[in-house]
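Asker: Under this note's numbering, think of the first position of the sequence shown as 244, with each following residue one higher. Even glycine gets a Cβ: it sits at the ideal position worked out from N, Cα and C.
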Amino acid sequence: MHSSPTPKYDFLQQEKPVYSGADALTRLERWLTLQKNVSRIAVLCDRHTAQDCLPILLKVMPSSIPVAEIVIEPGEHSKSLQVCQNIWQRLTQMEIGREDLLINLGGGVVSDIGGFVASAYLRGLRFVNVPTSLMAMTDAGLGGKTGVDLDHIKNRIGTISFPECTVCFPGFLETLPEVEWKSGAAEVFKHALIADPDLWRALVAHGCTPESLAVMLQRIQRVKMEVVHIDPYEKGLRKILNFGHSIGHAIESQSLSSSTVPLTHGQSVAIGMMIETEISLRMQKLSNGEAEEIIQVLSHYFGKVNLSDYSVSDILKWMRYDKKNQKGEVKMSLLTGIGSCDWNISVDENVMADVLLHYGAKNK
Ligand code: GLY
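#1: Out of A383, G387 and T381, state which residue places its alpha-carbon closest to the alpha-carbon of F370.
#2: Per DSSP, what are the beta-bridge partners of R369 in this structure?
#3: Within 10 Å of its beta-carbon, does E533 have 16 or more other beta-carbons around it, so buried, or fewer, so exposed?
#4: Would you kindly check if the distance between the Cβ of V373 and the Cβ of L300 is under 8 Å?
#5: With a threshold of 7 Å (Cβ to nearest heavy atom), would G491 be considered close to ligand 1?
#6: How is S455 classed by DSSP in three states: helix, strand or coil?
#7: Taking only the alpha-carbon atoms, compute the straight-line gap between E521 and E535 and give it to the nearest angstrom.
#8: Does H492 pass the burial test, meaning 16 or more other C-beta atoms within 10 Å, or should it be called exposed?
#9: Which residue's Cα is closest to the Cα of F545: G264, K567 and G509?
#10: Verify the contact flag: R481, CB atom, against every heavy atom of ligand 1, threshold strictly below 7 Å.
#11: Are the segment 253 to 266 and the segment 398 to 410 touching by the rule of at least three beta carbon pairs closer than 8 Å?
#12: For N398 and S362, I'd like the C-alpha separation in whole angstroms.
#13: Would you kindly work out how many angstroms separate the C-alpha atoms of K528 and V504, rounded to a whole number?
#14: Only counting the same chain, and skipping five residues up and downstream in sequence, which positions put a Cβ closer than 6 Å to that of S576?
#15: So, at 6 Å on beta carbons, what are the nonlocal neighbours of I463 in its own chain, with the 5 sequence-adjacent residues on each side left out?
#16: Does DSSP classify I396 as helix, strand or coil?
#17: Using CA atoms only, rank isn't needed, just tell me which of L506, R563 and N531 is closest to V422.
#18: Taking just the CA atoms, how far does R465 sit from S246?
#19: Work out the CA separation of T579 and M244 for me, nearest whole Å.
#20: Between which two residues does the alpha helix (DSSP H) containing S554 stretch?
#21: Between the Cα of S542 and the Cα atoms of V360, D392 and S511, which residue gives the shortest distance?
#22: Go ahead and pull the three-state DSSP assignment for M516.
#23: Check whether the Cβ of K567 sits closer than 7 Å to any heavy atom of ligand 1, and report yes or no.
#24: Let me confirm a value: L600 is counted as buried when at least 16 other C-beta atoms fall within 10 Å, else exposed. Which label applies?
#25: How about F312: is its Cβ closer than 7 Å to a heavy atom in ligand 1?
#26: Would the C-beta of G357 count as close to ligand 1, meaning under 7 Å from any of its heavy atoms?
#27: Look at S551 and G603 and say whether their C-beta atoms are less than 8 Å apart.
#28: Going by beta carbon distance, what residues of the same chain come within less than 8 Å of V303, once the five residues before and after it are set aside?
#29: Write down every uninterrupted run of the beta strand (DSSP E) in the segment 472 to 535 whose length is 3 residues or greater and which is fully enclosed by it, in chain order.
#30: Going by the C-beta, is E519 closer than 7 Å to any heavy atom of ligand 1?
#31: Which residues share a DSSP beta bridge with C411?
#32: Using a threshold of 8 Å, state whether the C-beta atoms of A285 and I308 are closer than that.
Okay, structure coming up:
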């Protein structure tokens with residue numbers, strides 16, 4: 244059982260700091276002035292962040308360094324090796340060298356693909372993450388995971404490679420569409436459930452709204468950064484950050500491969516968390532009362548789970564690709580209470596199938 248691992252983690256005192264809050268861009272401006280060897284900066288953004296966020300970022304770029312943008316299409320479909328190749332070609336045309344800098348300005352797709360591109364370009368280009376969505380500020384943009392999808396299998400190709408600094412300016416959230424807000428909220432609830440019971444109670448009382456986030460953002464980020472600090476390469480503890488993702492990624496992959504309007508990552512994770520809460524209960528890791536409370540709160544916020552568009556066999560098939568599996572066996576991170584989570588738990592296929600059927604999945 245694990246809860247709130249290291250309360251003393253300090254964002255600013257790290258070699259690769261996290262600047263979070265209203266002054267984050269000012270801190271980035273100061274940090275950039277200290278980077279004496281940078282002669283060019285490339286900014287990776289998507290069409291939306293190029294319009295809404297890039298003009299704000301450009302105001303803190305040093306006037307002495309040329310800055311050029313690379314714009315990709317928004318959405319999970321951009322997380323492909325083909326898009327990586329296009330970005331590598333652009334970096335090469337721009338003569339970006341190893342001492343230069345890539346700034347990833349966007350949501351989780353931009354930080355995932357940008358971090359991966361940087362980690363492989365010239366065997367390692369320095370990069371900065373400037374997350375602009377709730378998902379990226381609370382999860383994807385923090386902690387060094389990078390990657391692209393392969394044949395709709397989520398993050399099949401990737402690295403763990405840490406940004407030089409991470410810059411979370413909440414002002415960027417003002418232009419975030421509602422659907423993207425909800426997507427990020429799923430990771431916020433996840434952090435509370437795995438490691439911070441007081442955060443859970445605050446979310447139950449106040450919801451995940453722009454007002455409550457203004458107070459809670461650093462606390463949410465701290466849950467993730469403490470875990471990453473202890474186990475950066477996911478040998479053990481970091482697997483708790485994958486609560487909800489064994490089922491969530493399987494549903495997301497199925498949705499990406501079959502739907503014209505696929506579920507967002509957060510919608511998939513919210514469904515995954517409710518189903519994995521039920522699995523935690525059936526595996527006798529979690530009490531009935533806690534499981535009921537979690538499922539009631541999450542379904543109130545994200546809607547009730549209805550898997551009638553999915554078949555048990557499809558979901559189980561995608562789950563075989565989960566990175567946490569060992570020796571061909573499905574291993575899950577499951578709740579042991581509100582605010583604590585355990586990992587590497589073997590779950591029998593019959594238990595998973597039974598729970599999927601309970602939530603309406605087709606029996607084939
Ligand atoms: N998003 C899960 C992790 O960073 O480990």
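Answerer: A quick look at the data gives this:
#1: Comparing Cα-Cα distances from F370 to each of A383, G387 and T381, the minimum goes to G387.
#2: According to DSSP, which records beta bridges pairwise, R369 is partnered with L344.
#3: The residue in question, E533, is buried, as its Cβ has 16 or more Cβ neighbours within 10 Å.
#4: Yes.
#5: Not under cutoff, so the answer is no.
#6: Helix.
#7: Taking the Cα positions, E521 is about 9 Å away from E535.
#8: Burial call: buried.
#9: Comparing Cα-Cα distances from F545 to each of G264, K567 and G509, the minimum goes to G509.
#10: Yes, the Cβ of R481 comes within 7 Å of a heavy atom of ligand 1.
#11: Touching, yes, given that three or more Cβ pairs across the two stretches are closer than 8 Å.
#12: Each residue's Cα considered, the two are about 15 Å apart.
#13: So the two alpha carbons sit approximately 35 Å from each other.
#14: Within the same chain, and ignoring the five residues on either side of S576 in sequence, the residues whose Cβ sits closer than 6 Å to its Cβ are K482, I483, N485, F486, C584 and W586.
#15: Here the set comprises T381, V431 and H434.
#16: Reduced to three states, the DSSP call for I396 is strand.
#17: Answer by Cα proximity: L506.
#18: Only weak support exists for where S246 lies, its pLDDT of 48 falling under 50; the coordinates are left without a value.
#19: Any reading at M244 must be qualified, since the residue scores a pLDDT of 43, below 50, and its modelled position is unreliable; no value is offered.
#20: That residue, S554, is in no alpha helix (DSSP H); it is neither H nor E in DSSP.
#21: When the alpha-carbon of S542 is set against those of V360, D392 and S511, the nearest one is in S511.
#22: M516 carries a helical assignment under DSSP once its states are collapsed to helix, strand and coil.
#23: Checking every heavy atom of ligand 1 against the Cβ of K567, none is found closer than 7 Å.
#24: With a threshold of 16 other beta carbon atoms within 10 Å, L600 falls short and is exposed.
#25: A quick correction: the sequence has Glu, not Phe, at residue 312. Checking every heavy atom of ligand 1 against the Cβ of E312, none is found closer than 7 Å.
#26: No, ligand 1 has no heavy atom inside 7 Å of this Cβ.
#27: Taking 8 Å as the Cβ cut-off, S551 and G603 qualify as a contacting pair.
#28: Contacts found: L268, T269, L271, E272 and L275.
#29: None, since the segment 472 to 535 contains no complete beta strand (DSSP E) of that length.
#30: Not so, every heavy atom of ligand 1 lies at least 7 Å from the Cβ.
#31: As a beta-bridge residue in DSSP terms, C411 pairs with S263.
#32: It is not a contact, given that the beta carbons lie outside the stated cut-off.
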